[in-house]
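Taking it in order: structure first as structure tokens, then the write-up.
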Amino acid sequence: MRLFMSLVLIASTIFIGTFMSDASESRAQQQSTPAYAKWGRIAMEKVKEKYEKADIIDYLHKGKVVGNQTSTEKFKLWLREGNREFGVFVDITFDNKTEEIVNIEMKETDR
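Structure follows, in structure tokens:
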């Protein structure tokens, strides 16, 4: 009888543990997506439109400037086009309430 109870307990633990680990992995994935990811994708899309022949080789979120009506997400992308490597600063300004893009600024840099 003890053997039977031990086996039931072990099986239950394995069964419940499987479902609990799936849920915690799902939560970890949801939490790992940063708030600026949406704006980072837009920054990369706009840079690819302007620099069609260049490859984006690095990406950095520089920060967010929050204002009363608008906010600006700041990024630096590093590109390679042939033998040339250069950076592009991208500032995306958007309305805080609607998240509608107000302005996108791009500026090249060699650093």
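Per mature numbering (1 follows the signal peptide of the UniProt record, and there is no 0), the sequence shown runs over residues -23 to -1, 1 to 88.
Glycine residues also receive a C-beta, built at the ideal position from the N, C-alpha and C atoms.
Residue 65 is positioned such that its CB atom lies no closer than 9 Å to that of residue 49. For residue 59, no alpha helix (DSSP H) segment is defined, and its DSSP state is neither H nor E. The Cβ atoms of residue 36 and residue 53 sit closer than 9 Å to each other.
Around the Cβ of residue 34, a 10 Å sphere holds fewer than 16 other Cβ atoms; the residue is exposed. The DSSP-derived three-state label of residue 40 is strand. When secondary structure is reduced to three states using DSSP, residue 22 falls in the helix class.
Residues 71 of the same chain have their beta carbon placed closer than 8 Å to that of residue 77, with the five preceding and five following residues left out of the count. When 28, 9, 43 are compared, the shortest CA-CA separation from residue 61 is found for 28. A check of alpha carbon separations from residue 31 across 58, 12, 42 identifies 58 as the nearest. The same chain holds no residue with a CB closer than 6 Å to that of residue 26 once the five nearest residues on each side in sequence are set aside. Residue 74 and residue 23 have their C-alpha atoms some 23 Å from each other.
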